[in-house]
Every structure is written in C-alpha cells, then in structure tokens.
Amino acid sequence: MSDYLVIVESPAKAKTIERYLGKKYTVKASMGHLRDLPKSQMGVDVEENYKLKYITIRGKGDILKDLRKSAKKAKKIYLAADPDREGEAIAWHLAHVLNVDENSKCRVVFNEITKDAIKESFKNPRAIDLDLVDAQQARRVLDRLVGYNISPILWKKVKKGLSAGRVQSVALKMIIDREKEIENFQPEEYWSIDGLFAKGNETFEGAFYGVDGKKTKLKTKDDVEEVKKKLDGKEFTIQSVKKRERKRNPAHPFTTSSLQQEAARKLNFRAKKTMMIAQQLYEGIDLGRSSGGITGLITYMRTDSTRISDGAKEEVKGYIKENYGETYLGKQSPVKNKSGAQDAHEAIRPTSTLRDPKALKNILSRDQLRLYKLIWERFVASQMAPAVMDTMTVHLLNNGVEFRATGSKIKFKGFMKVYVEGNDDNKKQEDKILPELEEGMKVESKEVKPNQHFTQPPPRYTDARLVKTMEEMGIGRPSTYAPTLDTIQRRGYVSMDNKRFVPTELGTIVCELVEEFFPEVIDAEFTAKMETDLDSVEEGKTAWIQIIDDFYQDFSKRLEKADAEMEKVEIRDEPAGITCEECGHEMVYKMGRYGKFLACSNFPECRNTKPILKKIGVSCPKCQEGDVVERKSKKKRTFYGCDQFPECDFVSWDKPIARTCPKCDSMLVEKKSKKETQVQCSNCEYKEVAQK
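First residue of the sequence shown? That's 7 in the numbering used here, and the numbers climb one at a time after it.
Here is the structure:
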C-alpha cells in the first residue's frame, strides 16, 4: 500500500497527478462534494445560531467507504481539491469524515496540473483555510434561506417547480427591465451627411461636423436642407490637418468573466459550454506518451485575477523573442486587479506557451482546440508590445460648413499580430488611409449625401453582455455566472431569441411577486453589497453568522407577510378562439416552461399542441391587413410571413422592420452578414447600417 493518500475532485485529475507523484502516492477522486445540506429540508437551524445539518450526498456512500478504507492504511492524507472557496469547503468536509486534523498541513493547492506545479505544491502543504470555508458556508446558507423559503410560497401561490435565488432573481430582473426599456422606446429621427471628396485622382470620405466651428445635430430633413443651402459650390478648403501617433495596448489575460464574454463573441459558446470545455483543458488531455501523457493545458479557470507568475512571463518572453523578434516584446507594468478580486491564483493562461495550438490540432476536439487557441493567443498577446497607429484628422471648410475626414493605418502591429479583442457588435478595425493633404489645400466634393436614421432601442442581453454587466455591477462571482444563466433558462423564466435573452410570461410573474414582497432579494445594489460582505468573510474580517443574521431578521418578517398577503396567481387556460383541427374541440392558451403555447382543451384525450406565432410589430406589406409573424422552416431556419396565410402568401427570409424606405416607401428589411447587420430596401438601392 502507498504511504500517502491524495484526494482530488475528479478521476481525470487523479490519473494525471498520480503519474507525476510516483509509487508512494495513491490518488483518489471524491467526485466533488461528499457532504451537503439535505435536499428535502432547509438544513439550517435558524434558532440554533444557524447550525448546519450536513448529510452524505445520495449515491456517494461507496466513494466515502472506499476513501475511509484507503485513509486508514495511509501514513499521511493530502486534500487537493480545487484552489477556490468551493474546493476549500470540499477539503474541510473530507477532513471531517476522514478524521484529518484541519489545522495540520494537509491541504495542497495548485493553479495548474503540470509536473512542476504539482511537485512544488506538495513541498508546501498548509492547514485548511477556515475563512475560505466560512465564506463558502455563508453563501450556501444565504442561498438556502432565500431559495428554500421563497420557493414554497411561489409553489403555493403560482405553480409547483418554481424557484427564486439570490443571484438568479437579480439577473432575471435585469433581463425584464431591459425588455421594458425596449417596449417603451420611442425612436427619434436624426440625419447625417456623408461627403465624397477628391484630390486629383484620389478620393476620400468625410462626414458633416457642424457650422461656424460648432458641432451641429441634424434632427430633420429641414436641418439638412439648411446646411446644403449654406454650401457655396463644390470647393472645400483644408482648414487643418492633425497627425498623431496613437498606441493601443493589449488586453489582459483572461479572467472567468472575460473568457465567457470573448468565447460568446468569437466562438458562439454559451457560458456553460465555455466552463465545461475549460474544465477539460484544466484537468488534463492525453497528449500521447512521447509528449508527456495526460497534461493540464490551462491554469485554473475560476478566477477574477489577471496576475501571472514570473515563470510564465519568462517563458512567453522567450517565445515572443524567438518567433516575432525583440521589438514585439511588451514592457509590462504591475497588474492592478479590480477591487474585490480574489488573487489566490492567476489569470487563465496556457500552462506552457511552447504548446502551440497548431501542434494540438490532431489531439484536441474541435471545440477544445478553439477555446485553447483563444486562451493561448490572448495570453501571448497580453505580453506583447502595443500596436502603433498613425492617425490623421482633416477639417474641411466651405462657407462655414465643416466636414471632417479621419484616417488611420497600422504602423506597427505589435500584439495585433497574434490577437485582437472582440466586441459585442463584431466590428472589425480596418485601415482607412487618406491622401497626403496639407493646410490651405483645395479639394472638390464629388458627392454630398444625406442619410436618414432612427435611434435604436438598447439591445437585449446576450450571454456576453449579461455576464459583463453582472461583473460591472458586482453581482455574483466567477463561479456563479454560468450556473445563474443556466438556471433562469431551465426554470423557464427566459427563452433565447437570436442568442439573446427574452423574459417569458412566467418569468415576469415570478419577478413581479418577488419584487413586491422581497425587494432586497431583487435589488442589484443590495446584492452587490452582500457579495462584498461575503468577500470580507473570506478575508477574515467578518464573522459569517453576523452577516447571515443581519439579513435574516428583516427577511423573516417579509416571509410572514408574503405568506399571508400574496394573492394566488391562477394561470388559467385562455380560449384561443380557434378549433382543434384534430378533434374539433376548442384550442386554449396554456402556460408552459417557456411561456404560452396553444393546446387542445380536450387534453389528455387529444394532445394536439401548437406554438403561438410571434408577431414582430410590422403590418403585412402585401395585404395590409395581416401582421408579419416569425415562423420556422423544416430545417429550423427562421423566416417571416403573413399571419393571414394561406389567404396572403407574403414571405421573406429577411426580417422586415416597422418603417418604410425614405426613398421609395417600400419595405425595409434587416440583412445579416458575418461582419454586420444592414438595413436595406427590398425595392431600391437604399442601405444603412443597423444600429446595435
């Protein structure tokens, strides 16, 4: 029997670590938590100073029995769960069930699963960090008190299976508030004027800026005509030319939040998928015997720190020098993490820069390779020199009417040779080069083109936007973003439309009830403050029971009030006014997991159901009587048609919008490409870039 027993969380990790440590060590997996609060009851005794009742998780009995058997034979036990508060809690629970002294040097943590990192961590074991354990317990208790108290009230007053959570309720309200903003939005007209100018045989573009040195807004077509009247001929004078060199710095290496955002933008991954694949890359991939066998390819993926180790910096410097040259090396200033960042481990980076993504093409799955490549490129670029841009701004004048032309070109690519950070609108930066222009020079306007625009409502939240907003507001922590987004979908509180969150009727009902009776649970500022208070427990500054008690004293009064005063919401089946084509009974609107749908009132004898056609707020341009609705083809592709079909056969693959072409009064549609979404006329050549 081996001298030492090491317990990790997953079997994949266990195999890798056992190979690194040698024959004296046996490495076993706990398969995550072995003990937890019971599912069937609260498990928190409020009257006994919030005493917790832990039980062995169902199905984990055999694992615990095996670990106890191995523990009895081992000279020493090391607890090597993940390096965060959840991992610390798992280690603490293991110490209790295996009779390990929590104050002994039994805890081993590592940020990456590589031979050097593992061996180094076993040279420096420590005691279990009870502040971290308390922080995990505080969050767990708080979530229990909220979820296990509000949920039964919702079951009783609305329907079974509903839940309300401390972070999920705030995320849901953010989505609902955004939907209300969109519904209440009143578009406002505005105009712009584009100019095409010529210097000899060269042409360049400019845009109207203002009149008599003042920036001027163009609200109507009359404003445009006033500007055009002021123009005296086609000759413009170059009033000034400003040239400057601008530096653009690389983005920091990934945190959990920025990885989820960028994977959503560039790879079209949901947050849950990103974390699942990152876990696989962290725990280890079999690279083959000649390349070291099972190896962890990235550092730990739950972090809000952008710090990187000195060893990793030295390795990446060498790689950049060798592959790009000395001039591409960046001068790194000390990393400043955002307030409240947990700096226990590093940013997300490759465990070795020398493991180029190209070399792993035949080893990793397609999605693993894409995510690894993203992490690798972001990290390498973060240590490279800034990009240098030559920019030029030209002021053109004609009788007091000022146009401005801007140009820029990349003088030195720097980090952009490897990686450029994405954005929510998928806009790519391209060189826009102006001819050589000098002050006092005359140029001719070839075209002065007015463009009508309308302000656009704020966009619905995508995965990336929602995670970014939650992070900025201090709601949730790295480990909670993906589970929160997953939960509100599984509960049927939101659905996805074109990769954007849309609240369902059920989600809106639940949110309104929680907001009425438990305003603090759904208040973003309160939730952010609570997160900060919980972080102070982790730092050993505050006792966790005090934070819980401060919250619960007011919360318990609200529970009593809600139970007594919350009115029962009866989600009745509404008659739909149409007949079931299968049995002749009336069809009704029913509330389902993802909102309303049509079903036969003769259920369960007749199980006919239909989706409710989704109107897009546009009248049919063909018959003028029906409404344009969203439909799905047999291959699940979205198209648009008239709800009066078959009487009206209007159909369009492109989404019509609720205004007509300013040139010919025909239907305007949204045309989507990989680069951008354009609004264009279905009849003439009119086009404009759709605003996000």
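Glycine included, every Cβ here is placed at the ideal spot set by N, Cα and C.
query: For Glu691 and Gln458, believed in contact at Cβ under 8 Å, the rounded distance; result: 15 Å between Cβ atoms; not a contact.
query: C-beta contact flag for Ile416 and Ala393 at 8 Å; result: yes
query: Element boundaries [beta strand (DSSP E), containing Tyr334]; result: Run containing Tyr334: none; DSSP gives neither H nor E here.
query: For Trp197, three-class secondary structure by DSSP; result: strand
query: Cut-off 8 Å between Cβ atoms - residues of its own chain near Ala534, not counting five sequence neighbours on either side; result: Met479, Gly480, Ile481
query: Continuous beta strand (DSSP E) stretch holding Cys648: start and end; result: 644-648
query: As assigned by DSSP and simplified to three states, the class of Asp135; result: coil
query: C-beta contact flag for Tyr330 and Leu360 at 8 Å; result: no
query: Tyr692 in three-state terms, based on DSSP; result: coil
query: According to DSSP, residues forming a beta bridge with Gly513; result: DSSP lists no partner for Gly513.
query: Simplified DSSP assignment, three categories, for Gln630; result: coil
query: Alpha carbon of Ile553 to alpha carbon of Ser679, nearest angstrom; result: 51 Å
query: Own chain residues within Cβ distance below 6 Å of Val12, not counting five before or after; result: Tyr31, Val33, Tyr84, Ala86
query: Nearest to Leu178 (by Cα), restricted to the options Lys474, Thr490, Val594; result: Thr490
query: Counted within 10 angstroms of its Cβ, other Cβ atoms place Gln348 as buried (16 or more) or exposed; result: Note that Gln348 scores a pLDDT of 47, beneath 50, so its modelled location is shaky and nothing firm can be said.
query: Which listed residue (Ala77, Glu477, Tyr306, Thr412) has its alpha carbon closest to that of Leu202; result: Thr412
query: C-beta contact flag for Gly290 and Gly302 at 8 Å; result: yes
query: Local conformation of Ser246 per DSSP, three classes; result: strand
query: Three or more C-beta pairs below 8 Å linking the segment 459-473 and the segment 209-218; result: no
query: Residues sharing a beta bridge with Lys30, DSSP; result: Looking at the DSSP assignment, Lys30 forms no beta bridge with any residue, so it has no partner.
query: Selection from Arg410, Ala387, Asp396 that minimises the alpha carbon distance to Tyr425; result: Ala387
query: Pro6 vs Arg355 beta-carbon contact at 8 Å; result: Past the edges of the chain, shown from 7 to 698, lies residue 6, and the structure says nothing about it.
query: Segments assigned alpha helix (DSSP H), at least 4 residues, entirely inside the segment 138-196; result: 174-190
query: Three-state class that DSSP yields for Thr22 in the structure shown; result: helix
query: Simplified DSSP state of Gln458, which is helix, strand or coil; result: strand
query: Cβ neighbours of Ser345 in the same chain (closer than 7 Å, five flanking residues each side left out); result: No answer about Ser345 holds up, because its pLDDT of 45 lies below 50 and its placement is not dependable.
query: Extent of the continuous alpha helix (DSSP H) run through Pro489; result: 487-496
query: Of the listed residues Asp72, Gly93, Leu104, nearest to Lys82 (C-alpha basis); result: Leu104
query: CB of Val543 within 8 Å of CB of Ala270, strictly; result: no
query: N- and C-terminal bounds of the beta strand (DSSP E) containing Leu402; result: 393-404
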